[in-house]
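Protein chains in written order, with our numbering: chain A, 2 to 102; chain B, 34 to 514.
A virtual CB, placed ideally from N, CA and C, is assigned to each residue, including glycine.
On a predicted model such as this, the values are computed, not experimentally measured, just so you know.
Have a look at the structure below, then the notes.
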Amino acid sequence: MKISREDVIRVAELAHLELSPQEIDLYRGQLDEILTYIGKLEELDLTSVEPMAQVLLKQENDEHPELRDDVLSPCNVAPAILAQAPDAAPPFFRVPKVIDR
Amino acid sequence: MSAAAPWTIASVRAALQARKISARELASDFYARIDKRDPELNAFLTLSPERAFAQADRVDAAVTRGEGLPPLAGVPIAVKDVISTKGIRTTCGSKILEHYIPPYDATAVERLEEAGAVILGKTNCDEFAMGSSNENSAYGPVRNPIAPDRVPGGSSGGSAAAVAGGLAVVALGTDTGGSIRQPGAYCGIPALMPTYGRVSRYGLIAFASSLDRIGPFATTPDDAAAVMSIIAGGDENDSTSAPVPVGDYAAEIAKPIEGVRIGVPEDYFGEGLDSEVREKVQAGIALLERLGCRRIPLHMPHTDYAIATYYIIATAEASSNLARYDGVRYGVRVPGATLAEMYRKTRERGFGAEVKRRIMLGTYALSAGYYDAYYLRAQKVRSLIARDFSDAFQKVDAIVTPTTPTPAFRLGEKTADPLQMYLADIYTVTGSLAGVPGISIPTGKTKAGLPVGMQIFGRHFAEGPVLQLAHAFERAGGFSL
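Below, the structure written as structure tokens:
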């Protein structure tokens with residue numbers, strides 16, 4: 002078994018997901034099957050392999066440096082964004098109290 | 034026009050210039066088709082007639098004034114609902130964004146509209162583009178227009194169904210592990226995943242940022258090429274977009290394909306491949322040979338590890354990207370006594386089962402104690418898969434494979450078994466991980482009448498040569514082999 006019920010509960014907490022007891026059991030079984038399948042990656046010898054941190058090959062990136070000057074430009078979408086908010090008190094988003102005194 | 038001769042970008046242009054139809058009439062005609070057919074297909078989630086007719090009127094005014102028309106003038110298009118459209122609801126197929134209205138356009142949308150295209154509406158998809166059948170949409174599944182008891186594929190199922198069903202001339206989809214090519218194969222139309230970074234992701238609502246790409250569905254390779262000419266190219270709003278010059282795809286596409294070396298990897302023709310799919314793809318490869326291509330056998334040894342690698346990397350990135358849906362700034366909020374409770378209730382109510390499953394898998398793969406065993410290992414195997422491609426492209430100019438192991442499956446057939454659903458992407462995720470471009474084109478149908486897709490991969494930024502093969506194949510009658 003790759004993943005226990007306790008693992009599922011811990012991961013759900015990390016991911017801010019509230020799962021019902023039935024969901025915990027369902028996901029445990031499904032994730033276990035998926036992780037078992039993923040276990041096939043252990044067959045490979047990866048000692049001299051670098052992780053692929055960038056999608057395009059190095060030489061392609063070297064010709065086209067990714068960094069450019071940091072230039073300020075106006076971005077006037079705040080009112081439109083706040084208009085989408087479930088509970089806005091412009092210029093703020095309102096949320097339940099975080100700190101108790 | 035009859036179903037046998039669907040509108041193309043060229044035929045729209047000719048009809049507008051000859052004043053046989055106005056852009057407004059054409060848009061109305063497409064909305065009438067949608068009214069008639071979409072109650073069955075469920076390809077569209079939101080229609081945008083106000084914006085479409087305003088754009089059509091601008092095109093008609095230009096025609097009246099005798100002005101030159103921009104390249105996509107009056108062309109009715111559909112846009113997958115994970116791509117932002119200013120003022121038009123964009124749900125990502127999720128309850129959590131049920132009422133979300135983006136304050137800006139994605140770069141690809143902006144460029145298409147500047148080129149004269151008419152946006153009919155937003156298409157259905159698997160929730161946050163996570164799925165291979167379109168059955169993970171919070172707004173109901175899409176039906177395959179060729180065989181309505183079957184899925185259209187996913188996650189861009191609505192875009193594929195809209196084009197294949199004659200409800201749009203072209204459509205934008207997105208591909209993370211196969212979400213353009215697989216529905217293209219299932220619905221029997223050309224569907225192109227460009228090179229990573231070729232098309233700006235600005236305004237594409239992120240699923241897995243190192244994999245996500247925007248690309249076109251069309252009824253011909255020429256139309257896919259015409260759309261690519263507009264949407265490709267660097268964008269200062271996406272630092273991963275590549276400032277590599279964009280080719281003249283329309284000119285490149287007509288070049289002869291004699292002497293092109295096509296690699297056929299044995300690894301894509303093994304166990305699990307449906308016999309009729311194998312037969313049709315082999316017939317497609319034989320046609321390319323008759324057209325002058327040289328067939329070269331290949332071995333790509335890490336192909337079999339691609340699904341495992343993909344489902345670690347994609348879910349890890351997704352778990353991070355989807356952390357933003359917390360009920361604070363946009364989307365649905367479910368109240369809670371504390372901030373943490375509000376997050377949990379909002380995400381519980383707002384996300385569907387597959388999205389939760391992938392967030393869980395990705396969170397697990399990135400969590401303390403498991404990072405090296407899963408995420409780091411997968412990133413290393415990703416290097417090996419990319420190397421399989423770069424090694425192959427030393428010997429060949431293109432790689433030809435089946436797009437999918439089977440034709441479109443029935444609605445409900447795989448929903449209970451997530452791993453079986455993931456395996457539907459077995460031939461497409463390789464190119465996703467390697468960052469190369471790939472197109473799926475039809476290569477005939479099975480005896481039961483289901484479309485079969487043939488996939489062509491090219492080198493990084495070699496969309497032109499890929500489209501060129503697709504074009505020659507189509508002209509030689511390959512689509513109805």
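How about A:D88: is its C-beta nearer than 8 Å to some C-beta of chain B? So yes, A:D88 belongs to the interface.
In chain order, what residues of the stretch 466 to 493 of chain B put their CB closer than 9 Å to some CB of chain A? Those would be L466, A467, G468, H493, in chain order.
Over what stretch of residues does the beta strand (DSSP E) that includes B:S473 continue unbroken? Bounds of the beta strand (DSSP E) holding B:S473 are 471 to 478.
Using a beta-carbon distance below 8 Å, is A:P52 in contact with chain B? Any Cβ of chain B closer than 8 Å to the Cβ of A:P52 would place that residue at the interface, and such an atom is present.
Quick one: Cα of B:I264 to Cα of B:R144, how far? Each residue's Cα considered, the two are about 6 Å apart.
Does B:Y376 get closer than 8 Å to chain A when you measure Cβ to Cβ? Taking 8 Å as the CB threshold, B:Y376 lines the interface with chain A.
Is the Cβ of A:E19 closer than 8 Å to any Cβ of chain B? At least one beta carbon of chain B lies nearer than 8 Å to the beta carbon of A:E19.
Hey, out of B:R57, B:G511, B:M226, B:G471, whose CA is closest to B:A92's CA? For the sequence presented, residue 92 of chain B should be read as Val rather than Ala. Measuring from the Cα of B:V92, the nearest candidate turns out to be B:R57.
What residues from chain B crowd round A:P97, counting only those whose CB sits closer than 8 Å? Ordered by position in chain B, the residues that pass the 8 Å Cβ test against A:P97 are P368, G369, A370, T371, L372, E374, M375.
Count the other C-beta atoms from every protein chain shown that fall within 10 angstroms of the C-beta of B:V388, then say buried if there are 16 or more, exposed otherwise. The residue in question, B:V388, is buried, as its Cβ has 16 or more Cβ neighbours within 10 Å.
Does any CB atom of chain A fall closer than 8 Å to the CB of B:S400? Closer than 8 Å to some Cβ of chain A, the Cβ of B:S400 qualifies, so yes.
Do you know how far the Cα of B:A194 is from the Cα of B:V151? Annotation: B:V151 to B:A194 spans about 18 Å, alpha carbon to alpha carbon.
Relative to the C-alpha of B:A302, which candidate in B:I318, B:S272, B:A341 has its C-alpha closest? Per the sequence shown, residue 302 of chain B should be read as Phe rather than Ala. Of the listed residues, the one whose Cα sits closest to B:F302 is B:I318.
Across which residues does DSSP place B:D208 in a beta bridge pair? DSSP, once it has assigned bridges, lists B:R246 as partnering B:D208.
In terms of DSSP beta bridges, what is B:A224 paired with? Answer is B:F250, B:S473, bridged to B:A224.
For a contact meaning CB atoms closer than 8 Å, what does B:R415 contact in chain A? The answer, in chain order, is P52, M53.
Using a cut-off of 8 Å between C-beta atoms, extract the partners of A:E7 located in chain B. None at all; the shortest Cβ gap to chain B is about 12 Å.
With distances taken Cα to Cα, identify the nearest neighbour of A:E34 among A:R11, A:S5, A:S74. Among A:R11, A:S5, A:S74, the Cα nearest to that of A:E34 is on A:S5.
For the alpha helix (DSSP H) that B:F490 lies in, which residues bound it at each end? No alpha helix (DSSP H) contains B:F490, which is instead part of the beta strand (DSSP E) from 484 to 490.
Please check if any C-beta of chain A sits within less than 8 Å of the C-beta of B:G230. B:G230 counts as touching chain A.
Go ahead and pull the three-state DSSP assignment for A:R11. Here A:R11 carries a helix assignment [DSSP, helix/strand/coil].
For a contact defined as C-beta to C-beta under 9 Å, what are the partners of A:F94 on chain B? Going along chain B in sequence order, the residues near A:F94 (Cβ under 9 Å) are V361, R362.
Per DSSP, which one or two residues make a beta bridge with B:R98? None, per the DSSP bridge assignment.
Could you confirm whether any beta carbon from chain B is found closer than 8 Å to the beta carbon of A:Q23? Cβ-Cβ to chain B under 8 Å: no for A:Q23.
What's the call for B:K447, buried or exposed, on a 16-neighbour Cβ count within 10 Å? Under this definition B:K447 is a buried residue.
Throw me the rounded Cβ distance for the B:L153 and B:F63 pair, which I believe falls under 8 Å. Yes, they are in contact, since the Cβ atoms of B:L153 and B:F63 sit about 6 Å apart, within 8 Å.
Quick check on B:T79: does DSSP put it in helix, strand or coil? Three-state result, B:T79: strand.
Are the C-beta of B:Q427 and some C-beta of chain A separated by less than 8 Å? Taking CB atoms only, B:Q427 has no neighbour in chain A less than 8 Å away.
Quick check: is the beta carbon of A:L45 nearer than 8 Å to any beta carbon in chain B? With 8 Å as the cut-off, A:L45 counts as an interface residue toward chain B.
Under a CB-based cut-off of 8 Å, is B:P223 close to chain A? For B:P223, the answer is no, since every Cβ of chain A falls outside 8 Å of its Cβ.
Using alpha carbons as the reference points, say which of B:T436, B:Y343, B:I110, B:S465 lies closest to B:V515. Residue 515 of chain B falls outside the range modelled here, since chain B spans only 34 to 514, and no answer is possible.
Separation of B:V184 from B:P334, as counted between CA atoms: The alpha-carbon separation between B:P334 and B:V184 amounts to approximately 31 Å.
Please determine, among B:F512, B:E168, B:L59, B:L306, the residue with the shortest C-alpha to C-alpha distance to B:A85. Ranked by how close their Cα comes to the Cα of B:A85, the residues B:F512, B:E168, B:L59, B:L306 have B:L59 in first place.
Output needed for B:P39: all residues of its chain with C-beta closer than 8 Å, excluding positions within five of it in sequence on either side, in chain order. Beyond the five residues adjoining it in sequence on each side, B:P39 comes within less than 8 Å, by CB distance, of G199, V202, T252 in the same chain, given in chain order.
Anything in the stretch 379 to 391 of chain B with a Cβ closer than 7 Å to a Cβ of chain A? List those residues in chain order, please. Shown in chain order are the members of the stretch 379 to 391 of chain B whose Cβ falls below 7 Å from a Cβ of chain A: R380, E381, K389, R390.
Exposure label - A:M2; buried when at least 16 CB within 10 Å: Answer is exposed; the Cβ neighbour count stays below 16.
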